[in-house]
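Note that our numbering has the sequence shown beginning at 11, numbered continuously upward.
We put the CB at the ideal spot given by N, CA and C, even for glycine.
So the structure is just underneath, and the comments pick up after that.
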Amino acid sequence: MADSDFRIVVASADQVKWIMKMADNEGWNPGCNDAVAYHQVDPTGFFVGLLNGQPVCCVSGVKYENYAFGGHYIVAKEHRNKGYGLKIFDHVMDYLKDRNRIGLDSVVDQQSNYEKSGYNLFHKNMRYVGVIPKLEITCDNIIEAKNVSFAELLEYDKRHNPGYRKYFISSWLNIGTNYSFVYLDTDKSIQGFAAIRKSSDGYKIGPLFAEKFEYAEALVHALVDSVGGCRVYIDIPVPNKDAKRLVDKLNMEAIFETIRMYTGEKITGIDLNTIYGLTCLELG
């Protein structure tokens with residue numbers, strides 16, 4: 011096809027749903043409400059490549075307050091190795107040029123290609139899956155995340171990310187997830203934050219932030235009990251050995267690895283030992 015037949019457009023709401031179908035076809039197991047929840051965060055940050063008016067590739071580049079995160083970089087199998095992927099990748103990088111830090115989660119065999127574009131390894135991730143039974147455990151320290159100060163929750167989330175994610179957290183609580191909880195200390199300070207959402211297969215937990223192993227474990231059981239026991243997926247940062255201890259205790263199985271990468275200067279100030287589960291691979 012001639013280049014004149016190919017153009018890149020900002021995705022419509024329906025095209026964002028198509029992007030999620032593409033992600034599902036790749037085996038990424040998107041959440042059932044991801045299309046709406048993600049789109050709310052940055053409605054101009056989702057792109058599709060059209061060939062003769064039909065979508066053949068996609069990418070997202072969501073802008074947060076002072077950084078950005080890329081994802082959904084997919085080319086339909088029958089249109090790969092034709093240059094469309096590079097064109098849409100360059101397009102989203104141009105869209106994000108006003109952010110001095112951009113993150114993404116790479117599949118292992120693409121890490122070297124992203125390094126050529128200025129991305130650097132932050133940490134490796136591993137996705138786990140397993141059936142977690144309902145235990146009906148109650149914990150007075152755990153309450154719904156919607157019931158705490160949004161400003162305090164935003165500050166707690168920022169401790170685990172390169173910057174604030176105001177619109178994302180609001181969308182995540184109200185649209186993207188089925189349940190979200192916080193773990194409060196005796197002085198009512200937030201010591202953990204976790205959420206669960208229905209996905210194409212089972213449920214996905216993310217984020218799972220906690221200051222202690224037992225807080226993370228209690229949050230997992232609170233989430234699973236809320237949906238009645240289920241097949242659960244979670245992406246853990248490999249450097250957090252306690253996260254590995256938790257998934258082992260839950261009898262979960264490792265299924266695939268990804269690489270968290272960022273452009274810009276080396277990230278400091280994020281304690282991976284308090285991140286037991288990433289929020290999501292597509293928006294960070």
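Self-check item: Coarse secondary structure for H170, derived from DSSP in three states
Solution: It is coil, neither helix nor strand.
Exercise. Identify whether D115 lies in helix, strand or coil by the three-state DSSP scheme.
Key: Correct three-state label for D115: strand.
Practice problem: Might you give, ordered along the chain, the residues of its own chain that have their beta carbon closer than 7 Å to the beta carbon of D104, omitting 5 neighbours on each side? | Solution: No residues qualify anywhere along the chain.
Practice problem: Answer with buried or exposed for R207, where buried requires no fewer than 16 other C-beta atoms within 10 angstroms of its C-beta. | Solution: R207 is buried by the Cβ-count criterion.
Quiz item: Going straight from the alpha carbon of C42 to that of S210, what length do you get?
Solution: Whole-angstrom Cα-Cα distance: 6 Å.
Quiz prompt | Spatial distance of R175 from R111 (CA atoms) | solution = Roughly 14 Å between the two C-alpha positions.
Exercise. Take the Cβ of A21 as the centre, count every other Cβ of all protein chains shown within 10 Å, and call the residue buried at 16 or more, exposed below.
Key: Under this definition A21 is a buried residue.
Self-check item: Identified DSSP bridge partners for C67
Solution: C67 is bridged by DSSP to G59 and V85.
Exercise. May I ask you to verify whether the segment 110-126 touches the segment 140-157, counting CB pairs closer than 8 Å and requiring at least 3?
Key: Counting Cβ pairs under 8 Å, fewer than three are found: no touch.
Quiz prompt | From I153, V242 and F16, residue whose alpha carbon lies closest to that of K92 | solution = Just measuring C-alpha positions, the residue of I153, V242 and F16 sitting nearest K92 is F16.
Quiz item: Apart from the five residues on each side of it in sequence, which residues of its chain come closer than 8 Å, Cβ to Cβ, to P247?
Solution: So the list reads H133, K134, N135, A253, R270, L282, I285 and L288, once near-sequence residues are dropped.
Quiz item: If you scan the segment 155-206 from start to end, which runs of the alpha helix (DSSP H) of 4 or more residues do you find wholly inside it?
Solution: Within the segment 155-206, the complete alpha helix (DSSP H) runs of at least 4 residues are 160-168 and 176-181.
Quiz item: Is there contact here, the segment 178-196 with the segment 37-52, by at least three beta-carbon pairs under 8 Å?
Solution: These segments touch.
Quiz item: Any idea what DSSP makes of I153, helix, strand or coil?
Solution: In the structure shown, the three-state DSSP call for I153 is strand.
Quiz item: Tell me which same chain residues have a C-beta within less than 7 Å of the C-beta of G71, skipping the five on either side of it?
Solution: Here the set comprises G55, A78, G80, V102, Y105 and L106.
Quiz item: By Cβ distance, which residues of its chain are closer than 7 Å to A226, with the 5 residues on each side in sequence left out?
Solution: Here A226 has G202, L218, A220, L256 and Y286 as same chain residues with Cβ atoms under 7 Å from its own Cβ, once five neighbours each way along the sequence are excluded.
Practice problem: Note down, one range per segment and in chain order, each alpha helix (DSSP H) of at least 4 residues found wholly within the segment 121-155. | Solution: For the segment 121-155, whole alpha helix (DSSP H) runs of length 4 or above, ordered along the chain, are 121-126.
Practice problem: Going by DSSP, name the residue or residues bridged to I246. | Solution: According to DSSP, I246 bridges with M136.
Quiz item: Helix, strand or coil: which one does DSSP assign to Y77?
Solution: Assigned with DSSP and collapsed to three states, Y77 falls in coil, not helix or strand.
Quiz prompt | Where S190 falls, given that 16 or more other Cβ within 10 Å makes a residue buried | solution = Its Cβ being crowded by 16 or more others within 10 Å, S190 is buried.
Quiz item: What are the boundary residues of the alpha helix (DSSP H) that includes R4?
Solution: No answer is possible for residue 4: the residues shown for the chain start at 11 and end at 294.
Quiz item: So, L61 versus F178, is the Cβ gap smaller than 8 Å?
Solution: In terms of Cβ geometry, L61 and F178 do not form a close pair [threshold 8 Å].
Self-check item: Under the three-state DSSP convention, the category G287 falls into
Solution: The three-state secondary structure of G287, taken from DSSP, is strand.
Quiz item: What is the DSSP secondary structure of L260, counted as helix, strand or coil?
Solution: Three-state DSSP puts L260 in coil, outside helix and strand.
Exercise. Could you give the DSSP three-state label for G95: helix, strand or coil?
Key: Looking at G95 - three-state DSSP - the assignment turns out to be helix.
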